[in-house]
Amino acid sequence: MQLSFVKKAVPWIGVVVVAAVVLATSDFVDFDFDFDKEESVEVLTKMAEAGDLEARYKLALRYEDGRGVAQNYREAVRLFREAADQGYAHAQNKLGLAYARGRGVPPDAEEAIAWVLKAAEQGLVEAQSNMGVFHAQGIGVKADLVEAMKWFRKAADQGFVYAQYNLGLAHSQGHGVPMDQTEAVRWFERAAEQELAAAQHRLGVHLLEGEGAPQDATGAIAWFEKAANQGYVYAQFGLGEVYAEGKAVPKDAIKAYQWFSVALDQGFRGAVEARARVANEMTQTEIDIAETLTAEWLHKHGDQQP
């Protein structure tokens, strides 16, 4: 059986969601800097007015997210700009993304990449990864996969999980770098060990098919399950396919039905026909067992569903 679905090409990832190759929120790495403590808006405002750049950045995040204050993208951009103009890398990255999305300012791809570049040149890994996305998608610059890979590599070498995943994807498909399945596995493994579900799934595919690494069905299933337990629907559906067809493992209709049901619970319509096909070969007792296992899984892991 050719597991064409679970090996389908996916675009560059910025956040934990794999999105279409368009200018979309999920294409960029955009998460709040993790500070040790969270001050009140009143305290942050006083600190920001006194010239504290970190406070300005944190206050901007509050306005952007609407935490403790009415959401106001324009005010967020104003504060990001004040900090960015003084060289605060996190604010430069966020200001660039505001221009990329047209959130609080008119959309301007060239202005977006200019600000993100400033942050990337200071070594901010999420900005370096975002530069990879800009170059891969041709946002504000001519599309250049080779240049994109240079930026992803900068971030990946510093342990940045999304850039590591993108390098694995690039090597597996030969985009901007030579096709090299062994190298792809190396990067997918690094990202998978950091709990990135998409990488865990892709690593499982390589191990299942023996591409870039010795075939290891047991290892593949383990990685699929790690991704599936995080709510990654492609891994859930892929597990159903593996057990339904007996790809490198014994056929198991009960497990196949269970995983197709879990994927269907997320609204994955492709699982409808797949589950029905498996059910046609099962007894009612087997179906009852599979449905019980599905309910138990959803009770335990349902909060991981997106």
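Numbering (my numbering), first residue to last: 14 to 319. No residue lacks a Cβ here, since even glycine has one placed at the ideal position from N, Cα and C.
- Message: Taking the alpha helix (DSSP H) that K163 belongs to, which residues open and close that run?
- Response: On the sequence shown, position 150 is the one that residue 163 refers to. 158-169 is the extent of the alpha helix (DSSP H) around K163.
- Message: Is the beta carbon of E88 closer than 8 Å to that of Y76?
- Response: Start at 1 with the first residue of the sequence shown, and residue 76 comes out as number 63. Start at 1 with the first residue of the sequence shown, and residue 88 comes out as number 75. Contact flag set, yes.
- Query: Does DSSP classify R203 as helix, strand or coil?
  - Reply: The count along the sequence shown starts at 1 and reaches residue 203 at position 190. Of the three classes helix, strand and coil, the one that applies to R203 here is helix, per DSSP.
- Message: Please give the ranges of any alpha helix (DSSP H) in the stretch 232-291, keeping only runs that are unbroken, at least 4 residues long and fully inside the region.
- Response: 246-258, 266-278
- Task: Pull up the CB-CB distance for A248 and A287, whole angstroms please, since I reckon it's below 8 Å.
- Result: For the purposes of this step, residue 248 is taken as residue 235 along the sequence shown, with counting starting at 1. For the purposes of this step, residue 287 is taken as residue 274 along the sequence shown, with counting starting at 1. 14 Å between Cβ atoms; not a contact.
- Roughly how many whole angstroms lie between the Cα atoms of D278 and A289? By one-based count along the sequence shown, residue 278 stands at place 265. By one-based count along the sequence shown, residue 289 stands at place 276. So the two alpha carbons sit approximately 14 Å from each other.
- Query: Just how far apart, CA to CA, sit A205 and Q213?
  - Reply: For the purposes of this step, residue 205 is identified with residue 192 of the sequence shown, where counting begins at 1. For the purposes of this step, residue 213 is identified with residue 200 of the sequence shown, where counting begins at 1. Looking at the two C-alpha atoms, the distance is approximately 5 Å.
- Item | Cα-Cα separation, T305 to T298 | Looking up residue 305 in the sequence shown gives position 292. Looking up residue 298 in the sequence shown gives position 285. Computed Cα separation, rounded: 11 Å.
- Query: Are the beta-carbon atoms belonging to A102 and A140 less than 8 Å from one another?
  - Reply: Against the sequence shown, residue 102 aligns to sequence position 89. Against the sequence shown, residue 140 aligns to sequence position 127. Cβ distance < 8 Å, so A102 and A140 count as in contact.
- Task: Measure the alpha-carbon distance for L252 versus D301 and round it to whole angstroms.
- Result: Numbered from its first residue, the sequence shown carries residue 252 at position 239. Numbered from its first residue, the sequence shown carries residue 301 at position 288. Cα to Cα, the separation comes out at about 19 Å.
- Item | Cβ-based burial, K155 [other Cβ within 10 Å; buried from 16] | Taking the sequence shown and counting its residues from 1, one reaches residue 155 at position 142. K155 should be labelled exposed.
- Task: Ignore the nearest five residues each way along the sequence and tell me which others in K313's own chain have a CB closer than 6 Å to its CB.
- Result: Reading the sequence shown from its first residue, position 300 is the one you call residue 313. There are no such residues.
- Item | D229 and L220 closer than 8 Å at C-beta | Position 216 of the sequence shown, counting from 1, holds the residue named residue 229. Position 207 of the sequence shown, counting from 1, holds the residue named residue 220. Yes; because the gap between Cβ atoms is below 8 Å, this pair is in contact.
- If you run the structure through DSSP and keep just helix, strand and coil, what is R87? Locating residue 87 in the sequence shown gives position 74, counting from the first residue. Looking at R87 - three-state DSSP - the assignment turns out to be helix.
- Would you mind working out which of W272, K264, V262, E222 sits nearest A240, comparing C-alpha positions? Residue 240 sits at position 227 when you count from the first residue of the sequence shown. Taking only the C-alpha atoms, the option nearest A240 is W272.
- Leaving aside the five residues before and after F250 along the sequence, list all residues of the same chain whose C-beta is less than 8 Å from its C-beta, in chain order. Taking the first residue of the sequence shown as position 1, residue 250 is located at position 237. If we look at F250 and ignore the five residues flanking it on each side, its Cβ neighbours are F18, V19, W272, F273, A276, F281, G283, A284, A287.
- C-alpha distance - A63 paired with E224, whole-angstrom precision: For the purposes of this step, residue 63 is taken as the residue at position 50 of the sequence shown. For the purposes of this step, residue 224 is taken as the residue at position 211 of the sequence shown. Using only the alpha carbons, I get a separation of about 57 Å.
- Query: Any idea if E123 is buried or exposed, counting beta-carbon neighbours within 10 angstroms, 16 or more meaning buried?
  - Reply: Taking the sequence shown and counting its residues from 1, the one referred to as residue 123 is at position 110. Per the 10 Å Cβ criterion, exposed.
- Query: Does the beta-carbon distance from V118 to A127 come in below 8 Å?
  - Reply: To locate residue 118, count along the sequence shown from 1; it is residue 105. To locate residue 127, count along the sequence shown from 1; it is residue 114. No, the Cβ-Cβ distance between V118 and A127 is not below 8 Å.
- Message: If the criterion is Cβ atoms closer than 8 Å, does the pair L137 and N106 meet it?
- Response: Within the sequence shown, residue 137 is the residue found at index 124, counting from 1. Within the sequence shown, residue 106 is the residue found at index 93, counting from 1. Yes, the pair counts as a contact, with Cβ atoms nearer than the cut-off.
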